[in-house]
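For what it's worth, numbering that gives the first Met the number 0 labels the leading residue of the sequence shown as 0, then goes sequentially.
All residues carry an ideal CB built from backbone N, CA and C; glycine is no exception.
It should be emphasised that the depicted structure is a prediction, and the values quoted were computed from it without experimental measurement.
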Amino acid sequence: MRKTLLLLLAICSLNLFGKTDVLPLVPLPASVETGSGSYTLPPASRIYCPRFAGDSINQVAARFAHEAERTTGLCFRPEKKLRKANIRLLLDTALGAEAYRLQIDHKGIEIHAARPAGFFYALQTLKQLMPANVMAGVTAETARPISLPHISISDSPRFGWRGFMLDEGRHFFGKEEVKRILDVMAAHKMNRFHWHLTEDQGWRIEIKKYPRLTSVGAWRKSRTLPWGEVKADTLHYGGYYSQDDVREIVAYARERFIEIMPEIDMPGHFQAALAAYPELSCDPEQPHHVWVGQGVSADVMNVASPAALRFTKDVVDELTALFPFGYIHLGGDECPTYKWERNAECQALLGEIGSEKWRDLQTHFYKQVQDHIAAKPQAEQRRLIFWNEALHGNTSALGNATFMAWIGADGAALDAARRGFDNILSPQIPYYINRRQSKDADEPATQGYGDETLERVYAYAPAKNVPDSLLHRYKGVQANFWTEWVVDAATLEYLLLPRLAAVAEAGWTPQARRDFADFRRRMRPVTNYYKQAGLNFCPKQLAE
Ligand code: ACM
């Protein structure tokens with residue numbers, strides 16, 4: 000019986016991977032050399048992980064073993080003796096935190112890394128080389144031998160920030176969909192989930208001190224947001240994440256080496272909060288509603304109001320307790336100053352700070368929030384991130400702020416870098432991957448004209464022509480997904496994939512190794528994983 004099984008394993012593994020096979024590696028590692036042979040995992044694999052490596056590396060190995068057992072039906076067990084193991088995790092402290100080496104040859108699988116993240120990414124690469132159901136987390140119908148190509152990979156990411164932003168203010172997708180997105184991000188080695196949790200059209204996170212944010216601010220009078228042909232409906236629509244939900248999602252993300260950055264958009268895009276707490280507005284006596292509309296609302300926070308400052312500090316305190324990541328995003332985009340110009344408190348404050356520029360009220364407000372954070376203990380320190388419009392205010396006192404460049408992104412990022420600020424590149428064109436990806440008539444109705452094709456997204460070259468002396472300010476790249484038009488998860492995924500993978504590769508792979516035709520070739524087998532995971536994706540632009 001044992002002999003038959005071994006024979007079967009040998010036959011099944013013959014030439015499954017030859018030199019001409021396209022490996023489903025997205026993002027492409029920094030260096031890949033393939034050999035001509037293959038290695039077949041035995042029915043019971045033994046994983047060596049140095050005990051002294053620490054709990055978190057052992058946890059990474061244990062999670063991999065558990066998932067691999069569940070999905071393949073083969074055994075993956077810990078092994079204390081190095082020479083008996085066929086999957087060997089070894090420390091190389093000279094490597095960077097996310098770097099790894101992966102070697103597969105006739106002796107088995109050997110991984111070197113310095114930190115848990117490096118081991119995680121090595122094992123993600125290993126999963127990419129296994130049948131697609133493994134990455135998809137789906138159990139194979141029958142336990143089959145798994146053959147892996149002889150390969151030598153030496154890898155580390157280009158950027159430390161490989162992000163994706165989801166707007167849940169306009170539409171609420173819920174916990175399970177967020178987890179699906181975190182899974183696909185991790186499959187492509189992305190590591191920052193920017194959670195856009197508040198908008199004019201909805202507030203989506205429970206804040207204990209301000210319960211009306213969710214009892215009032217999370218609900219509106221139409222599911223669709225009217226624009227052009229799209230009309231409002233009559234649904235009572237909304238939803239939000241409880242603090243328990245948030246903790247669950249943060250933990251889920253961290254197991255996948257993804258940090259979550261919450262965004263509370265202010266002082267603009269703040270109308271849902273004003274519906275709940277009109278006293279934070281410039282005209283509390285007027286009615287304020289959760290917005291059923293699109294565009295830029297003039298109903299913004301009163302940045303001169305002590306109540307608004309107190310509110311923001313309180314919200315930041317609750318966010319700090321919920322999100323361990325070192326950054327909080329406080330918005331800053333698209334904030335008309337019209338209401339400030341007519342408000343006595345704002346007029347007085349502008350005089351007090353000795354400025355004639357209304358935008359300076361916004362940066363003055365942010366500075367006070369930053370000072371509040373600076374007074375906290377070390378473990379509660381958080382850096383603030385703003386959209387690049389905030390650069391138009393007096394930023395000289397904003398210290399360690401980071402600017403997320405979206406409009407005129409390359410110029411704005413350079414401006415921020417020259418002024419001594421870090422930046423993240425999320426150019427509206429082409430990294431707003433909620434926009435139409437083709438001019439085909441059957442594409443879902445959304446923003447754009449069909450120009451943000453997969454190829455165009457892929458072609459964006461981050462930090463091009465940036466002087467070497469400023470490159471250290473360029474922290475990474477991020478795809479953004481706005482949901483004014485996107486009501487359901489199937490449409491979200493269809494627009495997201497595979498363009499998200501193109502951005503992931505820009506964040507990970509050295510620019511000199513990036514090539515669209517090669518990316519597209521590697522993406523085709525990656526779609527087996529999308530299919531097995533039940534992800535909706537757009538296959539059209541993957542054909543030759
Ligand atoms: C933005 O697109 N308003 C950041």
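Item, Value
"Report yes if the CB atom of glutamine 361 is closer than 8 Å to the CB atom of isoleucine 423, and no otherwise.", "no"
"Taking only runs that begin and end inside the stretch 368 to 419, name each unbroken alpha helix (DSSP H) of 4 or more residues, in chain order.", "408 to 417"
"Roughly how many whole angstroms lie between the Cα atoms of threonine 482 and arginine 219?", "15 Å"
"As a quick exercise: from Ala488, Ser44, Ser221 and Gly419, pick the residue whose alpha carbon is nearest that of tryptophan 290.", "Ser221"
"Kindly indicate which three-state DSSP category cysteine 334 falls into: helix, strand or coil?", "coil"
"Please confirm whether any heavy atom of the ligand ACM lies closer than 7 Å to the CB of tryptophan 386.", "yes"
"So does glutamate 333 have its beta carbon nearer than 7 Å to some heavy atom of the ligand ACM?", "yes"
"Which residues in the same chain have their Cβ closer than 7 Å to the Cβ of leucine 348, if we skip the five residues on either side of it in sequence?", "Ala303 and Leu360"
"Comparing C-alpha positions only, which one of His235, Ala274, Pro277 and His195 sits nearest to proline 261?", "His195"
"Following a CB-centred definition, is glutamine 427 positioned closer than 7 Å to any heavy atom of the ligand ACM?", "yes"
"How many angstroms separate the CA atom of tryptophan 357 from the CA atom of lysine 338?", "10 Å"
"Would proline 426 pass as a contact of alanine 404 if the rule is Cβ separation under 8 Å?", "yes"
"Compute the Euclidean distance between the alpha carbons of lysine 530 and methionine 189, then round it to the nearest angstrom.", "20 Å"
"Pick helix, strand or coil for threonine 311, following the three-state DSSP scheme.", "helix"
"So, at 7 Å on beta carbons, what are the nonlocal neighbours of phenylalanine 324 in its own chain, with the 5 sequence-adjacent residues on each side left out?", "Glu258, Ile259 and Met260"
"Is there at least one non-hydrogen atom of the ligand ACM closer than 7 Å to the beta-carbon of tryptophan 556?", "This structure does not reach residue 556, given that the chain is present from 0 up to 543, and the question cannot be answered."
"Would you kindly work out how many angstroms separate the C-alpha atoms of glutamate 388 and leucine 397, rounded to a whole number?", "14 Å"
"Just checking tryptophan 405 against the ligand ACM - is the residue's beta carbon closer than 7 Å to any of the ligand's heavy atoms?", "yes"
"Closer than 8 Å by C-beta to threonine 526: which residues in its own chain qualify, once you throw out the five before and the five after it? Chain order, please.", "Pro497, Phe536, Pro538 and Leu541"
"Please report how far the alpha carbon of threonine 3 lies from the alpha carbon of asparagine 85, in whole angstroms.", "Low per-residue confidence applies at threonine 3: pLDDT is 45, beneath 50, and the placement is therefore not dependable, though the value from the model is reported in the following sentence. Straight-line Cα distance between these residues: approximately 21 Å."
"Going straight from the alpha carbon of arginine 1 to that of phenylalanine 163, what length do you get?", "Low per-residue confidence applies at arginine 1: pLDDT is 43, beneath 50, and the placement is therefore not dependable, though the value from the model is reported in the following sentence. Going from the Cα of arginine 1 to the Cα of phenylalanine 163 covers about 48 Å."
"Secondary structure at methionine 0, three-state DSSP: helix, strand or coil?", "Bear in mind that a pLDDT of 40 at methionine 0, under 50, signals an unreliable position, so the model cannot answer this."
"Hey, would you say serine 241 sits closer than 8 Å to proline 148, going by beta carbons?", "no"
"Measure the CB-CB distance between arginine 157 and arginine 191 and report whether it falls below 8 Å.", "no"
"Is arginine 169 helix, strand or coil by DSSP?", "coil"
"Are the beta-carbon atoms belonging to arginine 253 and tyrosine 326 less than 8 Å from one another?", "no"
"Taking the alpha-carbon of valine 486 as reference, which of Thr319, Gln510, Met300 and Glu176 has the nearest alpha-carbon?", "Glu176"
"Helix, strand or coil for lysine 230? Go by DSSP, reduced to three states.", "coil"
"Alpha carbon to alpha carbon, how far is asparagine 301 from histidine 363?", "12 Å"
"Could you tell me which of Gly410, Cys345, Asp439 and Arg255 sits nearest to leucine 279, measuring between CA atoms?", "Cys345"
"According to DSSP, tryptophan 160 sits in a beta bridge with which residue or residues?", "Gly475"
"Considering only residues of the same chain and omitting the five flanking positions on each side of leucine 234, which have a CB-CB separation below 7 Å?", "Ser221 and Arg222"
"Tell me the DSSP secondary structure of isoleucine 180 in three-state form.", "helix"
"Count the other C-beta atoms from every protein chain shown that fall within 10 angstroms of the C-beta of valine 456, then say buried if there are 16 or more, exposed otherwise.", "buried"
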